[in-house]
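Student:
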Amino acid sequence: MEYLFKELVEKAKSNERAAIQEVINRLRPLVCSAIRRCGAGHEWEDLYQEACLVVLECLRDFDPSRGVPFLVYVKKRMYFSLMNAARQRVSAISLDKEIEGHDGDTCTLSDLIVDPQGNVEEAVEKSGEIRRLYSAIGKLSPKQKGIILMHFFYGLKYKDIARLRNSHYKSVLRLKDRALKSLREHLDKV
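Sequence positions in the sequence shown follow our numbering and run 102 to 291.
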């Protein structure tokens, strides 16, 4: 297969120093282009040396029998290598890093992270209170339990509950009052 720099690449593969240096010099525009595309924000010299190492690896690994021209092979490997290098160099931000707020106070980044669930102690305490409430509701009479569930859990108004139960509005309110009093007594005992 014929490709650009074929003789030069063959000499470089046989470890001729002058040929290796010539390949690197001729590929300098390709290397610079790859660095501009893939290496934003990193040290240019470091990326250039890394790209030259990729060229040397390509000279070592290139197999002309595969039917891929040398320049295509180098270009693909160089872009992938520089992209990976750029990805690995992403600097980590410490949560212990101190920052200054608008008011002049300093705090760490971890102080600014808000737990949407609240803290663990509050969650455990809340779940315990919910269990106590359900236990107390379970001790109510069926009529009282029905009123509490329909109003507080399902959001029905007292007049709608009265209509559903075929009773008077006032009797629903009295039943609700007795249920709440009973709930308070059960919750105070526990």
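For every residue, glycine included, the Cβ atom is placed at its ideal position computed from N, Cα and C.
May I ask you to list the residues that DSSP assigns as paired with I200?
Tutor: Answer by DSSP bridge pairing, in chain order: C208.
Student: Could you have a look at K258 and say whether DSSP puts it in helix, strand or coil?
Tutor: Of the three classes helix, strand and coil, the one that applies to K258 here is coil, per DSSP.
Student: Roughly how many angstroms lie between the CA atoms of L281 and E199, to the nearest whole one?
Tutor: Near 51 angstroms, if we compare the C-alpha coordinates of E199 and L281.
Student: I believe V110 touches F163 by the beta-carbon criterion, under 8 angstroms. Please report the beta-carbon distance rounded to the nearest angstrom.
Tutor: With 8 angstroms as the limit, V110 and F163 qualify as a contact, their Cβ atoms being about 7 angstroms apart.
Student: Measuring only the C-alpha atoms, how far is S283 from H252?
Tutor: If you take the alpha carbons of S283 and H252, they lie about 16 angstroms apart.
Student: Any C-beta of chain D sitting closer than 8 angstroms to the C-beta of F163?
Tutor: The structure shown contains no chain D; it holds only a single protein chain.
Student: Would you identify the three-state DSSP class for G65, choosing helix, strand or coil?
Tutor: The first residue shown for the chain is 102 and the last is 291, placing residue 65 beyond what the model contains.
Student: Taking only three categories from DSSP, how would you classify S272?
Tutor: Here S272 sits in helix by DSSP.
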